[in-house]
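**Student:** Under this note's numbering, think of the first position of the sequence shown as 2, with each following residue one higher. Backbone N, C-alpha and C fix where the C-beta goes; we use that ideal spot for every residue, glycine too. These numbers were taken from a predicted model, which means no experiment stands behind them.
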Amino acid sequence: MQVTDSLQLAAAWFRLLTPGEQARVEKDLTVQQVPAGVIIERKGQMAQAWIGVLAGLVKVSVGNAEGRMASLTGVPAGGWFGEGSLLKHEARKYDVVALRDSVIARLPAATFESLLDSSIPFNRYLLHLLNERVAQFIGKAENDRLLDADARVARCLAELFNPILYPGMGLRLSITQEEVGYLARVSRQRANRALCNLQHAGLLRVEYRGVRVLDLEGLKGYEAARRR
2 MQVTDSLQLA AAWFRLLTPG EQARVEKDLT VQQVPAGVII ERKGQMAQAW
52 IGVLAGLVKV SVGNAEGRMA SLTGVPAGGW FGEGSLLKHE ARKYDVVALR
102 DSVIARLPAA TFESLLDSSI PFNRYLLHLL NERVAQFIGK AENDRLLDAD
152 ARVARCLAEL FNPILYPGMG LRLSITQEEV GYLARVSRQR ANRALCNLQH
202 AGLLRVEYRG VRVLDLEGLK GYEAARRR
């Protein structure tokens, strides 16, 4: 598949640009095949590009000197991230690792800033993206220590189906139980049990190497519904 086709499918913002702006993006964009387990960006590196996932699944995480890791979020195909570090001209504050073989796009900082200067639709898109990102992390900070494994898996999956952060996802995501465990910070066995419980509740259906959401709003409100 050509880069232009990939952008049309996996970058909602690309369709908002003028033909001239699209041509510059196509010229400046770099695309890389990344095997599972490879670090895409390291904490402490200066941000040089806006990062997109054209195919696959990546994990954004932080760690400390003792080797303890905490997943901040997962990013499936169609997701773009790292704009905060670019806007502030600072180093990355997290690691980005491919959970599976992925196709990663990098839009150079100069091109990103040019779009900010020239495209009102791109600015509006970025504002919606940042607003949704803030809401996501506020919710994570409020609930992370309070949720049990079932609710953490439910919230993790609901985040991956966010139509603003990851447009064009549909209601099926190719993801393994092990990958769900990585993102929700539970064991593979506990992730499997949580998925079974969520399926029994009628919120999703577990398929071969994937999950199909049947009730996205129910998945988002799973913990609140159990408290009532």
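For Asp96, count the other beta carbons within 10 Å of its own beta carbon; 16 or more makes it buried, fewer makes it exposed. Which is it?
**Tutor:** Buried.
**Student:** When you compare each of Val59, Asn198, Thr74 to Val135 by their alpha carbons, which one comes out closest?
**Tutor:** Residue Thr74 is the option with its Cα nearest to Val135.
**Student:** Determine the extent of the alpha helix (DSSP H) in which Asp216 is found, giving its start and end residues.
**Tutor:** Careful: Asp216 lies outside any alpha helix (DSSP H) and carries neither H nor E.
**Student:** From Val26, Gly45, Ile40, pick the residue whose C-alpha is nearest to that of Trp51; which is it?
**Tutor:** Nearest option by C-alpha distance: Val26.
**Student:** Thinking just about the alpha-carbon of each residue, which of Leu196, Glu179, Cys197 is nearest to the one in Arg189?
**Tutor:** Nearest C-alpha to Arg189: Glu179.
**Student:** Taking the C-alpha atoms as reference points, what is the distance between Met2 and Gln34?
**Tutor:** Since pLDDT at Met2 reaches only 49, below the 50 mark, its modelled position is unreliable, and no value is offered.
**Student:** Using the three-state DSSP reduction, which class does Asp151 fall into: helix, strand or coil?
**Tutor:** In this structure, Asp151 counts as helix in the three-state DSSP scheme.
**Student:** I'd like the ranges of any beta strand (DSSP E) spanning at least 3 consecutive residues and lying wholly in the region 47-131.
**Tutor:** Those beta strand (DSSP E) runs which fall completely within the region 47-131 and span 3+ residues are 50-56, 58-64, 70-77, 96-99, 103-109.
**Student:** Gly38 by DSSP, collapsed to three states: which one?
**Tutor:** Gly38 falls in the coil class under three-state DSSP.
**Student:** My understanding is that Gly57 touches Ala78, with C-beta atoms under 8 angstroms, so please give their C-beta distance in whole angstroms.
**Tutor:** At roughly 6 angstroms, the Cβ-Cβ gap stays under 8 angstroms, so Gly57 and Ala78 are in contact.
**Student:** Just mark Tyr209 as buried or exposed, buried being the case when its beta carbon has 16 or more other beta carbons within 10 Å.
**Tutor:** Label assigned to Tyr209: exposed.
**Student:** Buried or exposed for Glu42, please, with buried defined as at least 16 other CB atoms from any protein chain shown within 10 angstroms of its CB.
**Tutor:** It is buried - the Cβ of Glu42 has at least 16 other Cβ atoms within 10 Å.
**Student:** Our contact map puts Trp14 next to Tyr126 with C-beta atoms below 8 angstroms; I'd like the distance itself, whole angstroms only.
**Tutor:** Yes, Trp14 and Tyr126 are in contact; Cβ-Cβ is about 5 angstroms, under 8 angstroms.
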